[in-house]
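Numbering (the numbering used here), first residue to last: 670 to 747.
Note that CB positions come from ideal geometry on N, CA and C, so glycine has one too.
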């Protein structure tokens, strides 16, 4: 399901660039998306994913209109 949400990702980095949490932590949304698209096993503890505030800035800035923060929530649960 997560890959269905992210298939349109063009790896522009606007999600990470606009993220208030990424500016002060290890959270790199673009890297998480890429890792999921190419099926790289990622440890959620190391990604800073639990620091996400679900502010939706990443989704708002996405030029493809992807629900980026929803994919982070799914990734964190998985």
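Q | Option in 703, 724, 730 and 723 with minimal Cα separation from residue 676 | A | Locating residue 676 in the chain shown gives position 7, where the first residue counts as 1. The shortest Cα separation from residue 676 among 703, 724, 730 and 723 belongs to 703.
Q.
Mapping the DSSP letters down to three states, classify residue 696 as helix, strand or coil.
A. Translated into positions along the chain shown, residue 696 becomes position 27. Three-state DSSP puts residue 696 in coil, outside helix and strand.
Q: Along the alpha helix (DSSP H) that carries residue 686, what are the first and last residues, could you check?
A: If you number the chain shown from 1, residue 686 lands on position 17. Per DSSP, residue 686 belongs to the alpha helix (DSSP H) from 683 to 687.
Q) Nearest to residue 698 by alpha carbon, out of 674, 673 and 727? A) Locating residue 698 in the chain shown gives position 29, where the first residue counts as 1. The candidate whose alpha carbon is nearest that of residue 698 is 727.
Q) So residue 709 packs on residue 741, CB below 8 angstroms; how close in whole Å? A) Counting from 1 along the chain shown, the entry for residue 709 is found at position 40. Counting from 1 along the chain shown, the entry for residue 741 is found at position 72. The Cβ separation is near 16 angstroms, so there is no contact.
(Q) Output needed for residue 731: all residues of its chain with C-beta closer than 7 angstroms, excluding positions within five of it in sequence on either side, in chain order. (A) As a working mapping, residue 731 is identified with position 62 in the chain shown. Closer than 7 angstroms at Cβ, skipping near neighbours: 683, 684 and 737.
Q) Any idea if residue 701 is buried or exposed, counting beta-carbon neighbours within 10 angstroms, 16 or more meaning buried? A) For this step, residue 701 is matched to residue 32 along the chain shown. Residue 701 comes out buried.
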